[in-house]
Each structure stands twice: as C-alpha cells, then as structure tokens.
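So for the sequence shown, my numbering puts the first residue at -8; every next one is plus one. Glycine included, each C-beta is placed from N, C-alpha and C at the ideal position. Small disclaimer: the values here were computed from a predicted structure and weren't measured. Accompanying notes for the structure given below.
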Amino acid sequence: MGSSCTQYGKCIMNKLLLIVYYFPPCGGAAVQRWLRFVPQLVNRGWQVTVISPASGDYPFEDSSLLQKIPDQVKIIKTKTFSLNRLWKVIIGSKESIPYGSLEITKDSSLLKRLLIWLRVNLIIPDMRVFWNPFAYRAAVQELSKDRYDLVITSGPPHSTHLVGLKLQQMLKISWVADFRDPWSTIHYLQMRKPTKLSFSIHRYMESQVLKMANLSLVVSEPIADKLPEGNKMVLLNGYDATDFVGLEYSPTSEFRIKYVGQVTTGQDIQSLLQAFKRFLTEYNAKFSFVGTKLSKIDLIRSNEVIPDLEVVSFVSHKMAIEEMVNSELLIIIINDTYDNMGIITTKLFEYIGSKTPILCIGPAGSEAEKIVTLFDSGKCFTSPFDSGVLIYLEDLFQKWSTANAVRNVTDISPLSVQKQIDKLDESLRRVMSARK
C-alpha cells in the first residue's frame, strides 16, 4: 500500500509530487495516463500533489475531466510563458502551435518552414521548455514546505524531465521519469530531422535524465530497449474499466467505422480512405473521424475520396468512449516512422476496453499487433491496401448483418489500469526503500 504504519498503529501516508504539463482541463490523449493512475494511487493510500501550468498550450480543453481528479489531490497551477499567441501572430493565422506534428506541405509558407526548422534545431527539447522555470520554482517551494517521498515527471513534453533532473541535482530527491513516448526517436523528429548538433543535444539530455532518475517508466519493451541506459521498467497505459460502466453497445442501420482521436505526423489517412472507398461504396457502411482536427488540405482531400465523410473535430473524453463503444470497427494507425515497433498509444487500450473490433495499420510484429492479437481484439496489417483488409471488413460486415453485433468477448482485464497500478505501486515503494 501507499502508506506505512508503525508498531503502535500510527500510519504515515507516502507523499508523491507529480510534475506534468498536460493535466485537466487539458483534453486529449496526453492527459490520460496519469489521470488514470492518480485516482488509483490515492486509493492505495498515496497523498498526491500535482504541478501543472494554469494555462498551457493545449491542443484543446475538456473540463469534464476535472471530475476524475479525487478531492484529496492537491493541484498547484503555475504561470507559464505561452508561445501560442506569438506563433499565431507570426504565422498570421488562427493556426496553433503544432501538437504532435511538425508537418510541412507543399502549400506551407516559407515563414512556417523557417519557424519549424528553428523549433526543431534551436528550441530543445521542445516548445514547452519555457514552462520549466515556473515548474521548478513551484516544486522547490513545495518541497521546502513539506516532506515528499517521491517526485515523478512525465513526458512528452520531455522538457519536463529537465525539471526533475535539476531537482535531483540540487536537492537529491527520489525521482521517477515517465516516458509516454520516445525522446530522441519520437515520430516528429524522425519526420523533421534535426541537425547533427541538435540531435546530439537531445541525446545528451536524454542520457542525463536516464542516468540520474532512480527509475524510468516506459510504455513498451522496444522503447525501453532503445533508451541508452538507466533503470527502466515497462508500465502499460491500460484502460480504465470505470470509463465503460453503464455503456451498452447500440447498433444502427449502418456499419460504423470510426477513427477516434487526433492525426499526427506519419499517419497516412488519405491512403486509408482510398483503400476503404470500395467497401464504403458497395456496403451500407459509414466512416467517421471523431475528435479529429484535420487540416484544411486533409479535409478537402478526404471529402473528395468519401463525399459523405463525417468529421467531428472535438468531443469530450466521455463522448469519445461512447463513440468507441457504439461502433462496429475502430481504426488505429501506427506512425510510419523509424523505430515505430514500440509505439503503443493510449487510444489502443481504450479501443480494446470498448470491446469493438480493431483494424490496426502498422509494422508487422509491433507491440501494438502483439497486444491486439493476444487479446483477440482485431486484425493488424502493414498497409490499408493489403488484400486481407477487405476480407476482414467483409467478414465483420457479414457477422454484423447476421447477428446485429460484433463484439470482443475475450478477457481483457490484464490490460486494465487497475492491474497496472499493482506494478506501479510496488515499483514506487521499491524506489523509496532503496533511498532509505
């Protein structure tokens, strides 16, 4: 448990300071991992304090997520220097700072190309590094006021780990660094490669964090294998079973195919739609993007391929879960970049939790494919044009039209966040014990 008791029965709660850029009211996938873990840790007796920006450069906000934070959690909101407004002024449009993507198209202005080059090569490791002085100051103040057993930093943005590194160097704290994605091999740096000097700085920072952290958490074995050194442990994102309580699958007259969530660099949605065009034309099926903000160019191109395509740019997390449940097929695309074998998105676990069949496009033998296959949650293909894709679609459609339902009945409980928290709780207590 997260507390320790003396022989006289007096219990002392273990205290944890979590430093994380993305936290409610921020919406999207980036908040989900620790938004799931924090309530579970509180249930285990941990006293949790969270430091995050009061008004960060978020992809969007979802205030409904605030309801998931237990009342016992202390939230410290700091100031931050936001580049979003400056970015919009310089670019001369309503376009926000790129989130999870550094995409350049043939229509991109010279100014935008220059700014993205500067972002990749001069602002290291990422744009959110300007929050670090505020986060560090708040952490030092909090650590000076109270006793904390552990500090956890979570990235991306990986600049947050530099706050933990400085705290470790200055205060000799017990520190856990959580890697939700790779650092130097993250997909957008693969697509927009930095100069050798800039990349070497990324690698040096990454190496220092891994060396100094008492423990580094990662989401998959391939990512752990690629990180150069340090004490590493795989901790899956998992799905929150409570998100699905009271939700029931309701079929309609259409076979509903959905892509839920954002599109990032290396996810080729145009090829996907082209590959699905024949099936959507010949069968009573509908394709929807849910909670997906497409660029103007992608939107125009997508509608040219599928005229009746449905695109909903934003939905709350609760609504996104409901959309997953009320589907016949869910699409996930692993970013087509170097070192993508270990990419396991938060969305994959939510898809599995919905018990809706999954079609995954990604590299053969990837961690995503292993999980989907092991839990009989769908099929994986290396390309949307693989002949097996159409066969799979037609097979699902036949089952749905006959039984009016297609659901996964395999036991998926080992992937629940409730199971992951056992491993997390034990590892955190181990780090504490090693420091005593």
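If you draw a 10 Å sphere on the C-beta of K163, you find fewer than 16 other C-beta atoms in it, and that means exposed.
Its chain contains L206 and M224 as the residues whose beta carbon lies nearer than 7 Å to that of S418, once the 5 sequence neighbours on both sides are disregarded; these appear in chain order. Our two residues, T328 and M182, have alpha carbons roughly 7 Å apart in a direct line. If only uninterrupted beta strand (DSSP E) runs of at least 3 residues are considered, those enclosed by the region 33 to 62 are 38 to 44. Annotation for L134: the continuous alpha helix (DSSP H) segment containing it runs N123 to K136. Restricting attention to beta strand (DSSP E) runs no shorter than 3 residues, the region 339 to 406 encloses them at 349 to 352 and 369 to 372, ordered along the chain. With a contact defined as Cβ atoms closer than 8 Å, A311 and V363 miss out at about 19 Å. One thing to note: S211 has its Cβ no nearer than 9 Å to the Cβ of G344. Between I177 and A394, the alpha-carbon positions lie close to 42 Å from each other.
About 5 Å separates the beta carbons of I10 and I42, which is inside the 8 Å limit, making them a contact pair. T144 is bridged by DSSP to I10 and A168.
Taking C-beta separations shorter than 7 Å and ignoring five residues to either side along the sequence, the partners of M196 in its chain run P116 and L153, following chain order. Straight-line spacing of the CA atoms in R421 and W25 works out to 20 Å. Along the length of the region 292 to 318, whole alpha helix (DSSP H) runs at least 4 residues long occupy 308 to 316, reported in chain order. Around the CB of M315, 16 or more other CB atoms lie within 10 Å, so the residue is classed as buried. As the crow flies, the alpha-carbon of S404 is around 8 Å from that of K410. The alpha-carbon separation between L238 and L227 amounts to approximately 24 Å. Distance check between M423 and each of K157, R138 and L263 places R138 closest, using alpha-carbon atoms only.
An exposed status is given to V400, since fewer than 16 other beta-carbon atoms sit within 10 Å of its beta-carbon.
Per DSSP, R420 lies in no beta strand (DSSP E); the unbroken alpha helix (DSSP H) holding it starts and ends at V408 to R426. Distances from the CA of F51 to each of F14, K70 and D62 were compared; the closest alpha carbon is that of F14. Per DSSP, the continuous alpha helix (DSSP H) segment holding S198 begins and ends at K187 to M203. Close CB contacts of F72 within its chain, under the 6 Å cut and outside five residues either way in sequence, are with F121 (chain order).
Under DSSP, F270 shares a beta bridge with no residue.
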